Structure formats: C-alpha cells, structure tokens
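S.K.: Residue numbers (this note's numbering): 3 to 630. Cβ coordinates follow ideal geometry from the N, Cα and C atoms, glycine included. It should be emphasised that the depicted structure is a prediction, and the values quoted were computed from it without experimental measurement.
#1: Helix or strand or just coil, what does DSSP make of residue 262?
#2: According to DSSP, simplified to helix, strand and coil, what is residue 115?
#3: Specify, as a first and last residue, the run of the beta strand (DSSP E) that residue 147 falls within.
#4: What residues in its chain sit with their C-beta under 8 Å from that of residue 141, if we drop five residues either side in the sequence?
#5: My output table needs one value for residue 238: the three-state DSSP class, helix, strand or coil.
#6: Below 8 Å CB to CB, which residues in the same chain sit around residue 446 once its five sequence neighbours on both sides are set aside?
#7: Nearest to residue 396 by alpha carbon, out of 323, 178, 569?
#8: From the DSSP output, in three-state form, read off residue 211 for me.
#9: What first and last residue would you give for the alpha helix (DSSP H) that runs through residue 55?
#10: Taking its Cβ as the centre, do 16 or more other Cβ atoms sit within 10 Å of residue 41, making it buried, or is it exposed?
#11: Could you check where the beta strand (DSSP E) with residue 128 kicks off and where it finishes?
#12: State the CB to CB distance for the pair residue 539 and residue 137, rounded to an integer number of angstroms; the pair is presumed to be in contact (CB under 8 Å).
#13: Could you tell me which whole alpha helix (DSSP H) segments of length 4 or greater appear in the region 149–190?
#14: DSSP beta-bridge partners for residue 275?
#15: Might you give, ordered along the chain, the residues of its own chain that have their beta carbon closer than 6 Å to the beta carbon of residue 429, omitting 5 neighbours on each side?
#16: Can you say whether residue 354 is buried or exposed, counting buried as having 16 or more other CB atoms within 10 angstroms of its CB?
#17: Excluding the 5 residues preceding and the 5 following residue 149 in the sequence, name in chain order all residues of the same chain whose CB lies nearer than 6 Å to its CB.
#18: Following the continuous alpha helix (DSSP H) through residue 578, name the residue where it begins and the one where it ends.
#19: Nearest-angstrom Cα distance between residue 302 and residue 260?
#20: Apart from the five residues just before and just after residue 204, which ones in its own chain have a Cβ nearer than 7 Å to its Cβ?
#21: Looking at the secondary structure, which residues open and close the alpha helix (DSSP H) in which residue 60 lies?
#22: Looking at C-alpha atoms only, which residue of 269, 294, 375, 541 is the closest neighbour of residue 144?
#23: State the start and end residues of the unbroken alpha helix (DSSP H) segment that holds residue 372.
#24: Roughly how many whole angstroms lie between the Cα atoms of residue 226 and residue 280?
#25: Relative to the C-alpha of residue 243, which residue among 295, 560, 568 is closest?
#26: Within the same chain, show all residues whose beta-carbon is closer than 6 Å to that of residue 293, passing over the 5 residues directly before and after it, in chain order.
#27: In the DSSP assignment, find the unbroken alpha helix (DSSP H) run with residue 78 in it and report its ends.
#28: Could you spell out where the alpha helix (DSSP H) holding residue 361 opens and where it closes?
#29: Pop quiz: residue 213 and residue 192 are said to be a contact at Cβ under 8 Å. What is the actual Cβ separation, rounded to whole angstroms?
#30: Could you compute how far the alpha carbon of residue 151 sits from the alpha carbon of residue 162?
#31: Short check: CB of residue 129 to CB of residue 147, under 8 Å?
#32: Just tell me which of 186, 95, 503, 307 has its CA closest to the CA of residue 573.
#33: What number of angstroms, rounded off, separates the C-alpha of residue 127 from the C-alpha of residue 160?
#34: What is the C-beta distance between residue 172 and residue 107, in whole angstroms, given that I count them as a contact (C-beta under 8 Å)?
#35: Is residue 72 buried or exposed, if buried means 16 or more other CB atoms sit within 10 Å of its CB?
#36: Could you tell me the boundaries of the alpha helix (DSSP H) in which residue 206 lies?
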C-alpha cells in the first residue's frame with residue numbers, strides 16, 4: 003500500500019509531479035502548445051516580477067491575503083516571496099535588461115531620435131524622461147525609455163547636461179533629432195546639446211534639423227489662443243452639465259428626459275477639465291446631442307430652473323455656438339491624436355494635417371459666424387508664428403511626406419500651389435527651399451555611404467500593408483493631388499534619391515504601411531533608405547496622446563511618487579522594455595475608467611431593484627471604486 007501511494011495518480015501531490023501530464027496553453031502566434039505541469043519556482047518568480055512591473059502593482063501586493071489565496075489556487079506549491087524579495091527581483095531585472103539594450107545600441111543602432119519630457123512628483127521633485135526612438139534593421143519602429151531621473155530644476159542648461167550625461171552612459175553617439183515642447187528652457191537645452199554633439203561628430207551635418215518642436219504642444223497653444231475669449235459662450239452649457247452630474251437624483255431625472263426625448267445616443271455627458279482642451283471638445287460634442295433633454299428638463303425639474311436663477315439657462319444660440327465649436331475643433335482634436343501616436347511612425351502624416359489645419363483656419367477667418375471668425379483669426383496668428391514660414395518648420399516634416407511613396411515631392415509642390423496660389427512666387431520659393439534642403443541632406447548620407455562601401459545601386463519592387471492614420475480633411479486633398487499628378491513631368495535620375503522621386507507613386511491603398519514598403523524597397527535605394535530610416539524615426543510629439551491635450555504640468559501618480567528615484571526609474575524603464583509595443587508611460591488617467599464604472603454601478607443597481615438590463619460586461623467587476 004505504501005508503495006502504491008507514491009505512484010498513485012489520484013493523489014494531488016503526485017499529480018503535480020507527473021511529468022507526463024500536459025496542459026494546452028497559448029504559444030507564439032496564438033497556437034495551442036502542450037505545457038508541462040511540473041512546477042518551476044524560478045519561472046514563477048520571473049512571471050511574478052513581470053506581473054508587478056507591467057501592471058504597476060505595489061510591491062506589497064505579494065503579501066496581500068487575496069494574492070496568497072489566488073496563488074494557492076493556481077499553484078499550491080508556490081510560496082509568494084516577500085515584498086523585499088520582489089523589489090530586489092525587479093531591480094535586478096532592470097539591470098539585466100539595461101545591459102542587453104546597451105549592447106544593442108552599441109552594435110545595431112546607427113542613430114536615435116530623442117524626446118524629453120519633464121515631470122514633477124507629488125513632493126514637487128523634478129524629473130526628466132528621455133526616450134530613444136529608432137527604426138531597427140527589420141524596419142520596425144521602436145522606442146525605449148532610457149532614463150527617468152531626478153533633476154534639480156527645469157532650467158535649460160540643467161536639462162541639456164542631463165541628456166548629455168545619459169547619452170554618455172548609454173554609449174549613444176549619434177542623435178538625428180530631439181523633440182521637445184516649446185518652453186524657452188528647452189531652446190537653451192537644445193543649443194547646448196547641439197554644440198556638444200557637434201564637437202563629438204554626433205550630428206547630421208551642422209544640425210540644421212536637430213531641433214524638432216513638439217507639434218502637439220504647438221497645436222495646443224494654437225487652440226488655447228482661440229478659446230481664451232470664448233468662455234462666456236459655453237459657460238451655460240457647462241453649468242447645465244454640472245447640474246445633471248451633481249447628484250444621483252438629478253442624473254435619474256435627466257435620464258427620464260432623455261427617454262422622453264427618444265434620444266438614442268449612448269454617451270454620457272461629462273464635465274470638462276480646465277487644463278485639457280480636448281475635454282471641452284468632448285463635453286460640447288456630447289452635450290449638444292442631448293439638447294432636447296436639457297430643454298425638457300426645464301419643465302420636469304424646478305430645481306434646474308432655480309439652478310440658473312443668476313447665470314441664465316442655455317439658449318438656442320448657445321447650442322448653435324456649441325455646434326460651431328465642435329465642428330471647428332474636431333480637426334484639431336483628430337490631428338492631435340495623430341501627432342501623438344506612440345505606437346507607429348507619424349512624421350509622414352504631419353504635413354498633411356498641418357496643411358489641412360491651415361486650410362480650415364483660412365476658411366474660419368472668413369466665416370459668417372463671428373464667433374468662429376474671431377477664433378480663426380486668433381488661432382491663425384499663433385499658427386503663423388510657428389509654421390507660417392518654411393524656414394520656421396523643421397524640414398523633416400516635409401521630408402516625412404516626401405518619403406511616403408504615395409506622395410513624394412510632387413505633393414509638396416502641389417500643396418504650396420494649393421495653399422498660396424498656383425505659380426505664385428511664395429509657392430515656388432517654399433518648394434525650392436524644401437528641395438534644396440532635401441538634396442543637401444541626401445548628399446551628406448551619400449558621402450558617408452561612399453566612404454564605407456563606395457557608390458552602389460540595385461533594383462527591387464514595391465508593396466503595401468497595415469493602416470496609416472488620417473484626419474478627415476486629408477481625403478479630399480489627396481484626391482485633388484491625384485488629379486494633379488497627370489500633369490507632372492519626369493526627370494532623368496542621377497542617384498537613388500532622384501530615381502525614387504521619378505518612379506511613379508504607389509496607390510493609396512487603405513492597408514498601405516510605409517515601413518513595410520521601405521523594408522521591401524531599401525535595396526533599390528540603398529543610400530536613401532538610411533536617410534529615410536532616420537527621418538521616419540523622428541517623433542513629432544514628445545508626449546503620449548492623452549497628455550498632448552493638457553495645458554497643465556505632468557504629475558507622477560501617488561505610487562511612483564512614493565518610490566526612491568532609482569526604483570522609480572527601474573520600474574518605468576523596465577515596463578517599457580518588457581513590452582514596448584504595448585506599454586507607454588503616461589500620467590494616470592482615471593477618466594478612461596469613469597464610463598465603465600458608471601455603467602457597472604447602474605447595471606448592478608438595476609438588477610438589484612429587479613430591472614433587467616441585459617448581461618453585464620464580462621470584464622466588469624463588483625467592488626469598491628478604489629479596486630479598479
């Protein structure tokens with residue numbers, strides 16, 4: 003009997019030890035593969051370390067009673083480590099991954115584009131995030147946070163020296179561009195870095211294209227200039243939204259008015275946040291859809307009328323102004339999201355967006371609606387300050403669209419003619435300036451290439467793939483450009499840049515992917531491909547999409563603020579390195595969860611009261627809001 007108990011497969015401990023038992027688990031490519039049930043303590047520790055880092059858990063989570071119960075159910079043999087042990091594991095993983103990344107930068111990365119972003123902790127300590135962007139040998143866009151470090155202040159020289167120190171630590175010699183916001187201190191930082199990198203021969207030529215001003219930040223300034231005098235026009239709608247959100251009873255009464263008005267929109271009215279202009283756009287965009295419900299509320303709830311005793315109820319004119327705001331601001335809202343894309347290259351779409359915005363501003367200045375016209379004048383003045391002259395724009399914004407094989411240089415020429423008048427002197431001057439700068443930079447790459455391998459050329463083919471983000475106005479401009487192509491003359495190519503420009507453009511297929519195209523055609527344009535890789539790696543925004551709309555500072559959340567600077571850097575960097583295609587470090591955004599929580603609470607409340615509302619979301623959980 004004793005001998006049998008040692009091998010009996012019905013005994014739980016023997017089941018765990020049986021190497022013949024396998025589970026089906028998801029492997030690479032989503033395929034099911036057989037996995038051995040044998041407990042591996044080392045792999046479990048690694049998985050737990052990744053769990054803490056990727057999902058931003060506090061170290062104390064491993065000592066929580068609920069977590070211990072979960073581990074017991076999932077793997078009875080596992081004993082969760084202490085918070086001290088898991089903290090040590092996390093920091094060791096950071097050191098290991100940092101060594102791998104350093105080796106990669108040394109052997110496989112020709113140059114990087116940088117972004118910097120300043121943060122503050124809740125203790126008012128200053129931090130700087132430095133991110134390296136590049137396109138790898140397989141033509142995949144990559145971004146790696148290489149530093150999240152404390153700095154004594156946000157002065158330009160301090161920032162510049164810190165970036166230089168980080169580059170030296172990582173062994174990064176060549177920097178193509180640095181994208182920063184428009185703070186004056188950043189001008190000082192960029193000038194310092196430009197001087198230091200030039201001494202070390204780490205710039206492209208004289209560094210003419212080194213400084214990239216954050217397009218999303220400038221666009222934010224443009225919009226805020228247009229909105230600064232319009233607060234009175236929207237305050238009544240803001241107050242109406244504030245009323246229906248001020249108590250559950252008022253929200254319920256508003257819901258009844260929505261039902262009586264037969265409004266099918268499933269969105270929820272939301273208040274704006276003073277430091278985020280996109281929240282104003284979203285508030286007005288949603289509220290105007292519920293205008294009939296707000297008007298019905300006047301007759302259904304006397305406290306609503308009392309609420310506006312001094313300020314006055316929203317008038318039909320207020321709602322019309324709101325619709326005008328929404329219509330006008332949508333292109334800025336969409337463009338900012340495109341500029342701030344953190345998972346794919348975006349520089350080849352930037353010029354399209356900026357040209358479309360200029361068209362909208364020109365129309366707005368002549369709009370019969372004085373509100374829109376006044377906004378247009380204010381915003382165009384700010385736009386012209388930064389982008390009104392080709393010299394003021396970083397030339398990479400033009401090069402990006404030129405290196406999109408669907409458009410090339412002909413689109414730049416056509417756009418200038420479209421914006422400033424066909425054949426006008428200003429159109430010719432600006433197109434000529436872009437062309438001169440393009441060939442000047444190409445010649446730098448050509449001379450560098452020939453110094454290593456000598457002149458070369460080859461041939462290959464073309465292609466397509468995933469999707470490129472567009473803003474609505476781009477579609478009509480692209481169609482008009484295609485008609486213009488029929489009148490274009492060809493040139494006799496002398497090098498691979500001229501050969502690329504003279505080759506016919508690709509079709510604008512919805513699934514076209516610019517990096518896939520260059521991956522398949524880089525052999526045909528060997529020198530140009532090196533230049534393209536550096537240009538396309540350049541981010542046009544220094545911030546992620548949610549932060550791009552903010553006029554406030556960047557504040558670390560409570561958890562990160564409580565950590566030592568070294569541990570905060572380890573967790574933030576390692577999170578990005580473990581899964582860079584998914585994880586993007588940004589400020590905590592609770593507004594993303596608001597609608598989900600509101601729906602879950604409403605569903606559970608209605609179920610408890612006996613009202614059937616359909617199945618709840620499988621992802622929804624029941625519990626205190628702090629647990630989400």
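M.R.: Taking the coordinates as given:
#1: Reduced to three states, the DSSP call for residue 262 is helix.
#2: strand
#3: 143–153
#4: Spatial neighbours of residue 141 in its own chain (CB-CB distance under 8 Å, excluding positions within 5 residues in sequence) are listed in chain order as 517, 518, 520, 521, 524, 535.
#5: helix
#6: 206, 207
#7: 178
#8: Coil at residue 211, not helix or strand.
#9: 43–56
#10: exposed
#11: From DSSP, the beta strand (DSSP E) with residue 128 extends over 128–137.
#12: About 5 Å; that satisfies the 8 Å criterion.
#13: 158–172
#14: 278
#15: 418, 419, 422
#16: buried
#17: 132, 168
#18: 567–580
#19: 12 Å
#20: 175, 176, 177
#21: Looking at the DSSP string, residue 60 is not in any alpha helix (DSSP H), and its letter there is neither H nor E.
#22: 541
#23: 372–389
#24: 10 Å
#25: 295
#26: 321
#27: From DSSP, residue 78 is part of no alpha helix (DSSP H); its letter is neither H nor E.
#28: 349–367
#29: Right, the Cβ-Cβ distance comes to about 5 Å (below 8 Å), so this counts as a contact.
#30: 13 Å
#31: no
#32: 95
#33: 14 Å
#34: 6 Å
#35: exposed
#36: Premise fails: residue 206 is in no alpha helix (DSSP H) and is neither H nor E.
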